Amino acid sequence: MPLRRGQTGRMEEGTIYRVSENRYDEHGGDLEEAERIRGGVLDNVIQMYYDYRDHNNSRLTSNPIPRSVESSRVNSEDSASQRMMPSLSRTAGLTRRAPSMVSNATEGLDDDDPRITGMAKNTIDEKADKDRREREKYGFYSEDKEIDYGNLELTPDQEEEKARIKRQLKAIVAKQKFILRLTKALMLYGAPSHRLESQIIATSRILAIPVQVIIWPGVALISFTDKAARTSETHIVKVTTRLMLGKLHSIHEIYRSVMHSQIGVEEGTTRLSDLLKSPAAYPKIARCFFAFCCAFVICVQAFGGSIIDAAVAGCAGFLLAYLQLHAAPKSSAFRNVFEISTALWIAFLARGLSSWQTDYFCYSAIQSAGVVLILPGFAILTSALDLMSRNVVSGAARLTWAIAYTLFLGFSLTVGSDLWYVIDSAARNKRRLAAESLTTILDYNGTFAPNFNSTDVFDNLKEQLNITFDGAWQFVNKTSNVSKQYHYQIVGCYRDPSWEWWRQPFPAWTLFVLVPLYSLCSSSWNLQPFRSKQLPVMIAISSLSYLARKILQYYIGPRQEIVSAIGAFVIGVLGNVYARVFKGTAFTAMVTGVCVLVPSSLAATGGLAMNYHGKDIDQYQQTIQIGVRMLEVAVGTTVGLLTSSLVVYTFGPKKRTALFAF
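For what it's worth, our numbering labels the leading residue of the sequence shown as 18, then goes sequentially.
What follows is the structure in structure tokens.
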């Protein structure tokens, strides 16, 4: 049976609502009417104040208050906007009924008497007069005794009203605290920023707490509005984001439990607080081992390295993770240049090994795999998603930072390579000769026609292939003896079939093992617990996406923006279907697939490190290509992920909670 206006009733455990004439529930309904009747924290405090004042007037006033100076009392059943403190009414223009005035002829009052005009005298009175007027204003005429508010006896109805207001205040504060704690947890552990605002607003609508949200990179402004009292309370949430997949899944489970009334908001806040205080899923030394595995596997999977190249790249990844987890947090100066300095020394090491024994080590494989964990691919992806979701401020800021970071990273890779050439002049001279041999170009203008001199072999073909081509022709020398001597290649690594097995790349069938293995290592590096139901799903989605990308690349070639879009579409469809059918967390299930997609797509376009093109080309200008390639991959991935969400959630029942996915 619906409640009537002014009555109270329980909508959920531990929460008391006052309802209006229109019914509503916690999952949708007449929320605006509910906010108008219930009000916020300040409005409930004002209501409690007026209840005390009305009771004190009836208990402590020995003489009735003259109607000429009596301020009309606000009924507790009236709307919250009519229950304002007297001190606020003159300055804020709040609604308040004028005092009931009697005829001036009856009492012999002047037309400008304050009791007629309702305005205070503009005179200087003694302190006693001011105190008396204050007592008259609040309805107290007893001047010879102090009022003991603690010993006042309330009627049963007033006691019930007091308890109701206290419960309502407690519920409002608990819900606001839950929203703040949820925002902090989501931002801290790497939730998608383009979904964060909608998720907070959806939470506030279900909890019937009016809120306004502004999301910036690393900062959130949460404003709780009280329409009845015409006030707002703004909170600033500032965190440093670190992707933790296991905790993100736990946060989403707590969020779902609260939104579906399985637990109360106080219990949800307690669980979020415990989760924020809990340690990481793995110790730091274990995460360094996962970094070694990631660099080792991706070197042979995506960048064509041999097993010795993978071993060196794994050591570089271990060193990078150790510096990131141990050295960077202890020094703010080193933390600002950590990625650039680490990439520089990894490039220096890779160039030194490839120059020392040209046939043993591959420069591009070691360098690209060594820095794969600090690539800004995820940052560029989230910025593109923000821009596509119309979050212009956040998306533009993230994209600007990601592009600048990519340029810094490419610059440091080139500096590290050149630093070795400064030390080893012989290697620099060999590189110069090999690069010159690769860039010998001849330009001709004329006609290209077949010329068959043999009469016994090409007589039949001569009539069929008698085709000529007119235009400008360019010939590039790639058969120089210098190039063969040093086995120099611009992209990738040179592998002679006669070399030993440990100098050869892995065969193609090993991808069936390498891709799931890298997915496992990448998920563990991002702090997904090993004993979790989500981990096999992550590996399966990542492997299927990689398979779809390889098949499509075989047919359409190295069109990475299209290939990335199809791979991301497969990731999005599988992740969203898993979340919708099996009630899992779509975002955490999809992150690993995206982390596999980005370096694989970059490797197909030449990798992160390309050798020198020639003596006339500024090598530092080539670092811009890294940023361009990453933008191509990010744009394609963004289109695929957003399209998959549209396809999956177009059909079926409407989702009541916010979408927690890319």
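Backbone N, C-alpha and C fix where the C-beta goes; we use that ideal spot for every residue, glycine too.
Owing to the predicted nature of the structure, the values given are computational and were not obtained by experimental measurement.
Nearest-angstrom beta carbon gap, residue j and residue i [assumed within contact, 8 Å]
i	j	result
Val-432	Leu-361	6 Å
His-252	Leu-197	6 Å
Met-607	Ile-588	5 Å
Met-204	Ala-237	6 Å
Gly-644	Leu-424	6 Å
Ser-539	Thr-609	5 Å
Three-state class that DSSP yields for residue i in the structure shown
i	result
His-277	coil
Phe-13	Since the first residue shown for the chain is 18 and the last is 679, residue 13 is missing from the structure and cannot be characterised.
Lys-244	coil
Trp-233	strand
Glu-517	coil
Lys-264	helix
Gly-601	coil
Gly-221	Per the sequence presented here, residue 221 reads as Ser, with Gly not at that position. Helix, per DSSP.
Cys-510	coil
Asp-291	helix
Cys-379	coil
Val-389	helix
Thr-286	helix
Ala-360	helix
Tyr-666	helix
Ala-180	helix
Tyr-206	coil
Phe-523	coil
Ser-348	coil
Val-650	helix
Thr-200	helix
Gly-369	helix
Gly-321	coil
Phe-677	coil
Thr-655	helix
Thr-660	helix
CB of residue i within 8 Å of CB of residue j, strictly
i	j	result
Ala-298	Gly-263	yes
Ala-312	Ala-333	yes
Phe-586	Leu-265	no
Met-405	Thr-655	yes
Ala-202	Leu-289	yes
Ala-401	Val-611	no
Asp-441	Ser-372	yes
Cys-510	Cys-379	yes
Asn-543	Leu-260	yes
Leu-392	Val-615	yes
Ser-536	Ile-556	yes
Gly-427	Ala-382	no
Leu-531	Val-314	yes
Ile-239	Val-254	yes
Ser-661	Val-554	no
Val-613	Tyr-563	yes
Phe-365	Leu-436	yes
Ile-280	Trp-519	no
Gly-1	Val-256	The structure shown does not extend to residue 1, since the chain is modelled only from 18 to 679, so the question has no answer here.
Ser-411	Ile-218	no
Val-329	Phe-523	no
Gln-384	Leu-430	yes
Val-650	Ser-581	yes
Ser-249	Thr-258	no
His-343	Lys-301	yes
Val-665	Arg-597	yes
Met-276	Thr-220	yes
Ala-443	Ala-419	no
Ala-345	Phe-355	yes
Gly-574	Gly-657	no
Identity of the residues DSSP links to residue i by a beta bridge
i	result
Ile-239	Val-230 and His-252
Curious, which full-length beta strand (DSSP E) runs of at least 3 residues does the stretch 391-465 contain?
457-465, all fully within the stretch 391-465.
Sequence ranges, alpha helix (DSSP H) only - wholly within the stretch 527-592, length at least 4
Whole alpha helix (DSSP H) segments, 4+ residues: 528-542 and 551-573.
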